[in-house]
Amino acid sequence: GGGGGAGRRGLLPVAAGWTLPVPPPAAGLTVPSPQLQEAFSRGALKPGLNVVLEERPKRRNDVNGLKQCLSEFRQQLEWVERLDITLGQVVDPTSQSASNKEAVDPENDFQREMSFYRQAQAAVLEALPRLHKLQIPTRRPDDYFAEMAKSDQQMQKIRQKLKSKQEAMERSEKAKQLRAMRKYGKKVRRNYIAKIHGICLVFNLAGFKEDSKRWDTLKNK
Numbered sequence: 288g289g290g291g292g293a294g295r296r297g298l299l300p301v302a303a304g305w306t307l308p309v310p311p312p313a314a315g316l317t318v319p320s321p322q323l324q325e326a327f328s329r330g331a332l333k334p335g336l337n338v339v340l341e342e343r344p345k346r347r348n349d350v351n352g353l354k355q356c357l358s359e360f361r362q363q364l365e366w367v368e369r370l371d372i373t374l375g376q377v378v379d380p381t382s383q384s385a386s387n388k389e390a391v392d393p394e395n396d397f398q399r400e401m402s403f404y405r406q407a408q409a410a411v412l413e414a415l416p417r418l419h420k421l422q423i424p425t426r427r428p429d430d431y432f433a434e435m436a437k438s439d440q441q442m443q444k445i446r447q448k449l450k451s452k453q454e455a456m457e458r459s460e461k462a463k464q465l466r467a468m469r470k471y472g473k474k475v476r477r478n479y480i481a482k483i484h485g486i487c488l489v490f491n492l493a494g495f496k497e498d499s500k501r502w503d504t505l506k507n508k
């Protein structure tokens, strides 16, 4: 009686066919889709199978912001104190196609490094006349020795690595030429054997015809 009613205080009876309203999700939570609920009821969802991926921020080229930052830290000094050269894309003079002159593929290491190399060359060619005009020497004296950015041991390792790489390329090229020569030799040999077989066949046919003529002559006698 009364005790049982007190224990069930706050519960409302639900008739058959009725559905209770679903409370709204709390802040920051989302209601799972029916597919996820069904997969969860089957036990298909396990820890570690579902990972929330963080959305990557979209990259944008803020030209105005870059110019503003440049104006903030740029020092208003004479060019001889700054020695900066601003260049655009330098066109490859040996390139014939218009597509190569328009853009450089940033994913192509060779094209990208060659673009940097041509830009450095063009910057030197533009800066040298300006330095000469200001009567600033551009070649160091013969008796001048400066500490290099890289040690001699490191440069020696780089030279050895480049040398070994060049030797490996030469060995690969020689092996490729040797394979091509062997292939060509086999082809020449096959052609020669086929030619010899053809000559032998001709002689055999000629001998057969001669023997046939002799046999016919003997039969007639």
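With the numbering used here applied, the sequence shown closes on residue 508, and no number is skipped along the way.
Idealized CB from N, CA, C, for every residue including glycine.
{"Item": "Counted within 10 angstroms of its Cβ, other Cβ atoms place S517 as buried (16 or more) or exposed", "Value": "Any property of residue 517 remains undetermined from this structure, which presents the chain solely from 288 to 508."}
{"Item": "Rounded distance between the beta-carbons of V377 and Q406, thought under 8 Å", "Value": "5 Å"}
{"Item": "Cβ distance (whole Å) where I372 is taken to contact E413 below 8 Å", "Value": "6 Å"}
{"Item": "R446 to P428 span [Cα, whole Å]", "Value": "26 Å"}
{"Item": "Beta-carbon spacing of A331, L374 below 8 Å", "Value": "no"}
{"Item": "First and last residue of the uninterrupted alpha helix (DSSP H) at A326", "Value": "321-329"}
{"Item": "Straight-line Cα distance separating M468 from G485", "Value": "25 Å"}
{"Item": "C-alpha gap between S459 and Q453, whole angstroms", "Value": "10 Å"}
{"Item": "Outcome for V350 when other beta-carbon atoms lying within 10 angstroms are tallied against a minimum of 16", "Value": "exposed"}
{"Item": "CA-to-CA distance, R347 to F531, given in whole angstroms", "Value": "Nothing can be reported for residue 531, as the shown portion of the chain is limited to 288 through 508."}
{"Item": "Rounded straight-line distance, which links the Cα of Q322 to that of R329", "Value": "11 Å"}
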